[in-house]
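Inspection log for the structure reproduced underneath, given as C-alpha cells.
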Amino acid sequence: MARLLGTLRSSQPVARFQRSCGLFLAGEEGGSGSSSSSSSSSSSSSSDPADRSRDRGACNGAAALRCRAATGSGTPGGVRSGRGPQGCTQKYIVKNYFYYYLFRFSAALGEEIFYITFLPFTYWNIDHSVSRRMIIVWSIVMYIGQVSKDILKWPRPLSPPVVKLEVRTNAEYGMPSTHAMAATAISFSFFIATTNQYKYPFELGLVAAFVFSTLVCLSRLYTGMHTVLDVIGGALISAVLLVLLYPAWDMIDHLLLTSPFCPLLSIVVPLVLCYNYPKLDYYSPTRGDTTTILGAAAGATVGFWLNNQYTAPVYASKSFQLGFPLISSKMVVVLARFFVGILVVLLTRWLMKSVVLGVLGYWYKFPIRDLEARRRLEVEVPYKFITYSSVGFTATVIVPLLHELLGLK
Numbered sequence: 001m002a003r004l005l006g007t008l009r010s011s012q013p014v015a016r017f018q019r020s021c022g023l024f025l026a027g028e029e030g031g032s033g034s035s036s037s038s039s040s041s042s043s044s045s046s047s048d049p050a051d052r053s054r055d056r057g058a059c060n061g062a063a064a065l066r067c068r069a070a071t072g073s074g075t076p077g078g079v080r081s082g083r084g085p086q087g088c089t090q091k092y093i094v095k096n097y098f099y100y101y102l103f104r105f106s107a108a109l110g111e112e113i114f115y116i117t118f119l120p121f122t123y124w125n126i127d128h129s130v131s132r133r134m135i136i137v138w139s140i141v142m143y144i145g146q147v148s149k150d151i152l153k154w155p156r157p158l159s160p161p162v163v164k165l166e167v168r169t170n171a172e173y174g175m176p177s178t179h180a181m182a183a184t185a186i187s188f189s190f191f192i193a194t195t196n197q198y199k200y201p202f203e204l205g206l207v208a209a210f211v212f213s214t215l216v217c218l219s220r221l222y223t224g225m226h227t228v229l230d231v232i233g234g235a236l237i238s239a240v241l242l243v244l245l246y247p248a249w250d251m252i253d254h255l256l257l258t259s260p261f262c263p264l265l266s267i268v269v270p271l272v273l274c275y276n277y278p279k280l281d282y283y284s285p286t287r288g289d290t291t292t293i294l295g296a297a298a299g300a301t302v303g304f305w306l307n308n309q310y311t312a313p314v315y316a317s318k319s320f321q322l323g324f325p326l327i328s329s330k331m332v333v334v335l336a337r338f339f340v341g342i343l344v345v346l347l348t349r350w351l352m353k354s355v356v357l358g359v360l361g362y363w364y365k366f367p368i369r370d371l372e373a374r375r376r377l378e379v380e381v382p383y384k385f386i387t388y389s390s391v392g393f394t395a396t397v398i399v400p401l402l403h404e405l406l407g408l409k
C-alpha cells in the first residue's frame with residue numbers, strides 16, 4: 001500500500017498521462033518520448049516527491065514565486081513555451097490540440113471565472129435554495145482544502161519530467177487538489193439539490209455530475225499541477241464532506257434564513273478564519289484565495305438573510321427541465337437576467353477593488369501598485385474580503401432588485 005501511495009504521489013504518472021494526451025517537453029515528442037521519460041525516471045527518481053522530504057525545492061514550486069506566465073504562440077504541433085522552474089523558459093510541444101483545449105477549458109471550471117458566473121446564474125435563474133446549498137458547501141469544502149494544503153505542505157509534481165502549463169497555482173502546495181474538491185462539491189451538490197425538485201432523468205444528472213468533476217480532475221493532471229494522489233484525495237475529501245453535510249442541509253438553510261445572528265456570524269466567523277490562516281515562511285496565494293471565497297460566501301449569506309426578511313423576488317420554477325427550446329421568450333428572459341447581473345457584478349468588483357485598495361493604500365502609506373504591500377496580512381485580508389463580500393451581496397440582493405425593476409421576473 002505504501003508503495004502504491006508513493007507511486008500515486010510521484011511525478012511520473014502525471015508525465016505519462018500528459019504524453020498519452022499529446023503533451024511533451026521539447027525533445028521528448030514522438031518515439032523519443034518513452035525513452036526520455038524512462039531515463040528521466042531513473043535519473044530523477046531520487047528527487048521525486050515520493051522519495052524525498054516535503055520541503056519545496058526549486059523544481060516543485062517555490063521558485064514559481066519568481067515566475068510569470070509567458071505562453072508562446074505556435075502552429076499545431078509546433079513548440080510552445082512557458083515559464084518553468086527557477087524562471088527558466090520551459091518549452092513544450094502539443095501534438096493533440098483536442099485534449100489541449102478540452103483540459104485547458106476544464107481547468108477554468110475550477111477558477112474564479114466559473115464561480116462568478118455559474119453560482120449567480122443558479123440564483124437568478126434556477127432556484128434560490130439550490131444556490132444557497134451550493135454556495136455553503138463550496139465555501140466549507142474550499143476552506144478545508146486550502147488550509148489542508150498549507151498544513152500538509154506536499155509539493156506539486158516536478159518539472160521536468162512534468163510540463164507545467166500554469167504558474168500562479170504552482171506557488172501553492174499540492175495536496176489536496178482544491179479544483180477536484182470544488183468540482184466534486186459543486187456538481188454533486190447541484191445534482192442532489194435538484195434531483196427531487198425538477199424533471200430530468202436521475203441517470204442523466206448523475207452522469208453529468210460525474211463527467212464534470214472527472215474533466216476538472218483530469219485537467220489538473222494534464223496541466224501538471226497535481227499528482228494523481230492529490231486529485232484522488234481532493235475528490236474523496238469533498239465526497240466525505242458532502243455526505244457529512246447533507247443531513248444538516250435543511251437545518252443550516254433554516255438558520256441562515258431565520259436566525260437574527262446570521263448577518264453578524266456570517267461576517268465575523270469568516271474574518272476570524274482569514275486572519276488566523278496558517279502562516280507560511282513565504283507568500284502563497286492560498287490565503288488570498290481563501291479570503292476571496294469566504295468573503296463572497298459571507299456577502300451572499302447576508303443577502304440570503306435579507307431576502308428572506310424582506311421577501312425579495314424568488315426564482316424557483318418547477319417547470320425548469322432539460323429540453324426547453326433554445327429560442328423562446330423564457331430563454332430570452334433568462335439570458336437577459338444573466339447578462340444584466342454579470343455586468344453589475346463585474347462593475348461592483350472593479351469599483352470595490354479600486355475603492356478599498358485606495359483607502360488601504362492611504363491608511364498604510366503604500367502605492368496601490370505595490371504588489372508586495374498588497375500581500376501583507378493587514379492589507380490582503382480586508383481588501384479581498386470587502387471586495388468579494390460586496391460581490392456576493394450585490395449578486396443576491398442588488399441584482400434581483402434590478403431584475404424586478406426591469407421587469408425580468
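186 is the number that UniProt numbering gives to position 186 of the sequence shown; each next residue is one higher, with no gaps.
Glycine residues also receive a C-beta, built at the ideal position from the N, C-alpha and C atoms.
Query, Result
"Per DSSP, cross-strand counterpart(s) of V94", "L23"
"For L402 and A107, the rounded distance between their alpha carbons", "32 Å"
"Ordered list of alpha helix (DSSP H) runs contained in the segment 121-155, each at least 4 residues", "128-152"
"Burial state of K365 (16 or more Cβ within 10 Å)", "exposed"
"Classification of P400 by the beta-carbon crowding that lies within 10 angstroms, buried from 16 upward", "buried"
"Residue environment, T290, which counts as buried when at least 16 other CB atoms sit within 10 Å", "buried"
"P201 classed as buried or exposed, judged by whether at least 16 other C-beta atoms fall within 10 angstroms", "exposed"
"Cβ-based neighbour list, P367, same chain, cut-off 8 Å, excluding 5 preceding and 5 following", "G361 and A373"
"Beta-carbon proximity list for P263, same chain, < 6 Å, skipping 5 on both sides", "V302 and W305"
"Cβ neighbour criterion (16 or more within 10 Å) applied to Y388", "buried"
"Simplified DSSP assignment, three categories, for A208", "helix"
"C-beta atoms of T396 and A297 nearer than 8 Å", "no"
"Contacts around Q18, its chain only, beta-carbon distance under 8 Å, and the 5 residues preceding and following it disregarded", "F24, V162, V163, L221, Y222 and G224"
"Three-state class that DSSP yields for F366 in the structure shown", "coil"
"Assumed close pair P176, G234 - CB separation to whole angstroms, cut-off 8 Å", "4 Å"
"Exposure label - F188; buried when at least 16 CB within 10 Å", "buried"
"Inter-residue spacing [alpha-carbon to alpha-carbon] between L245 and V137", "8 Å"
"Option in V272, E404, Y283 and G295 with minimal Cα separation from R337", "E404"
"D253 versus S129, S10, R349 and G392, residue with shortest Cα-Cα distance", "S129"
"Secondary structure of F338, DSSP reduced to three states", "helix"
"Three-state secondary structure assigned by DSSP to S329", "helix"
"Burial state of S159 (16 or more Cβ within 10 Å)", "buried"
"Cβ pair V14, T227 closer than 8 Å", "yes"
"Through-space distance from I398 to P157, alpha-carbon basis", "43 Å"
"Residue interval of the alpha helix (DSSP H) (run including S390)", "L377 to F393"
"Spatial distance of E172 from V231 (CA atoms)", "15 Å"
"Buried or exposed (CB count within 10 angstroms, at least 16 for buried), K409", "exposed"
"Nearest-angstrom Cα separation, counted from L371 out to F103", "30 Å"
"Three-state secondary structure (DSSP) of Y222", "helix"
"Cβ-Cβ distance between V216 and A180 below 8 Å", "yes"
"Beta carbon proximity, F103 to chain B, threshold 8 Å", "Chain labels in this structure do not include chain B; a single protein chain is all it has."
"Contact set for A2: own chain, Cβ-Cβ below 7 Å, skip 5 residues either direction", "none"
"Three-way DSSP call (helix, strand, coil) for G407 in this model", "coil"
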